[in-house]
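Taking it in order: structure first as structure tokens, then the write-up.
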Amino acid sequence: MNRREFTKTAAGAAFAVALPPNSVFDTAADAKPTVPFKLSVMLWTVNKQLPFEQRLENVAEAGYGAVELVNEFEKWSDEDFRRMNSKKRALGITFDATAGVWKGIADPAGRDTFLTDLQNFFPVAHKLECPGVIVLSGNRVEGVSPEVHHSACIEALKRAADLAAKQNVTLLLENIDQEENPKYYLTSVAEGFEIIRKVDNPHGKFLYDFFHEQISEGNLIKKLEKNIDQVGLVHIADVPGRHEPGTGEINYTNIFRKLAELKYDRYAAMEFEPTGDVGTSLRGARELALRSVGAS
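Counting in our numbering, the sequence shown runs from 167 upward without gaps.
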């Protein structure tokens with residue numbers, strides 16, 4: 167089950183790691199042009215039929231220095247973790263974020279289960295040398311009011327962020343649109359930012375998924391400007407179709423430019439399904455980001 171399949175049904179800072187080669191902090195004389203933020207790729211979108219290590223190679227060949235994971239590691243042995251970490255380091259890649267905690271935070275009766283699942287997942291994040299853990303609101307609970315759901319999200323994330331701080335991990339709360347999962351609670355970015363503000367912990371941030379928010383409510387840039395300090399990660403895909411930037415209605419040139427203008431320095435992760443060759447699509451998205459901020 168990948169993350170997209172999960173959210174359609176159940177909806178499911180940092181370790182000291184080397185900066186990726188496409189970071190603004192590159193100092194090597196032969197470093198490639200950079201953007202002020204860091205670029206990553208959600209690995210579930212890349213050649214799922216190929217072995218994991220080959221998929222990492224595909225990402226590195228396209229010029230990226232980080233990937234995000236979902237459940238690719240679920241059946242790994244300790245030796246697998248060592249081998250994959252060695253491979254990523256050899257390629258100059260970081261695992262910047264991962265999903266893996268599938269109990270949501272909006273169900274007040276499920277809070278203890280969520281916190282237990284999160285605690286149990288921290289060792290996996292450490293094995294991955296991964297500083298960010300994606301969390302979900304989960305589905306609405308029948309008979310529970312929006313106000314109670316909202317409060318439950320705040321309380322669960324407050325307690326979770328305190329636990330994450332002890333592990334040097336950042337939690338990233340994600341919005342999902344109502345078309346992908348009609349039952350999912352947190353479809354509004356505006357509400358997501360309100361939750362993060364009330365949590366008031368640097369180890370709890372918002373994962374602003376532009377694809378989902380364009381479907382849900384739109385007005386992407388204004389909300390980005392207003393809430394940039396609460397953004398821990400952004401996800402990139404166009405609407406409709408979840409394909410690469412430039413195939414749909416979202417003006418990613420303006421979004422990349424605005425991210426740079428706002429001095430956003432965290433990750434922007436490509437989470438699109440390529441319409442053609444994966445490498446070509448990934449390189450094209452990276453080059454669009456470079457051109458948008460005048461770094462090409």
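From the three backbone atoms N, C-alpha and C, an ideal C-beta is built for every residue, glycine too. All of these numbers come straight from a predicted model, not from anything done at the bench.
List the whole-angstrom C-beta distance separating residue i from residue j, where the pair is believed to meet the contact cut-off of C-beta under 8 angstroms.
i: V301; j: I271; result: 6 angstroms
i: A291; j: I259; result: 16 angstroms between Cβ atoms; not a contact.
i: V459; j: P202; result: 7 angstroms
i: G414; j: P406; result: 6 angstroms
i: E391; j: T441; result: With a Cβ gap of about 30 angstroms, E391 and T441 do not count as contacting.
i: K349; j: N305; result: 4 angstroms
Determine the direct distance from the alpha carbon of residue j to that of residue i, and round the result to whole angstroms.
i: A451; j: N347; result: 27 angstroms
i: N224; j: D273; result: 39 angstroms
i: H315; j: A461; result: 43 angstroms
i: D246; j: S447; result: 29 angstroms
i: R432; j: E313; result: 31 angstroms
i: V207; j: K388; result: 25 angstroms
i: K269; j: A455; result: 34 angstroms
i: Q215; j: R449; result: 20 angstroms
i: F438; j: N417; result: 15 angstroms
i: E345; j: Q380; result: 11 angstroms
i: A275; j: A327; result: 19 angstroms
i: F463; j: F261; result: With the chain running from 167 to 462 in the structure shown, residue 463 is simply not present.
i: S311; j: N385; result: 26 angstroms
i: A434; j: E308; result: 35 angstroms
i: E250; j: T279; result: Here residue 250 is Met; the residue named in the question, Glu, does not match the sequence. Taking the straight line joining both Cα atoms gives about 30 angstroms.
i: R468; j: S243; result: As shown, the chain starts at 167 and ends at 462. That puts residue 468 outside it, with no answer to give.
i: E238; j: R248; result: 14 angstroms
Within a Cβ cutoff of 8 angstroms, which residues of the same chain sit near residue i, ignoring the five residues on either side of it in sequence?
i: R277; result: I271, A318, E321, A322, R325
i: A426; result: V201, P202, F203, S458, V459
i: Q396; result: F359, I362, R363, K371, F372
Less than 7 angstroms between C-beta atoms, sequence neighbours within five positions excluded: which residues of the same chain meet that for residue i?
i: L373; result: I300, L338, L339, E340, G398, L399, H401
i: I394; result: L428, Y430
i: D196; result: Note on D196: pLDDT 40, under 50, position unreliable in the model; the coordinate value appears next. So the list is empty, once near-sequence residues are dropped.
i: N213; result: R221, N224, V444
Within this structure, are the beta carbons of residue i and residue j separated by less than 9 angstroms?
i: L294; j: A330; result: no
i: H369; j: T353; result: no
i: M436; j: L205; result: yes
i: P289; j: V335; result: no
i: Y351; j: S382; result: no
i: A263; j: E240; result: no
Take residue i and list the residues in its own chain whose beta-carbon comes closer than 6 angstroms to its own, dropping the five residues that flank it on each side.
i: F287; result: G266, V267
i: A356; result: none
i: Q333; result: F288
Touch test, the region 244-254 against the region 214-223, Cβ-Cβ under 8 angstroms, three pairs minimum: The answer is yes - the region 214-223 touches the region 244-254, with three or more Cβ pairs under 8 angstroms.
Touch test, the region 400-416 against the region 361-371, Cβ-Cβ under 8 angstroms, three pairs minimum: no
Inter-stretch contact at 8 angstroms, needing at least 3 Cβ pairs: the region 402-422 / the region 351-361: no
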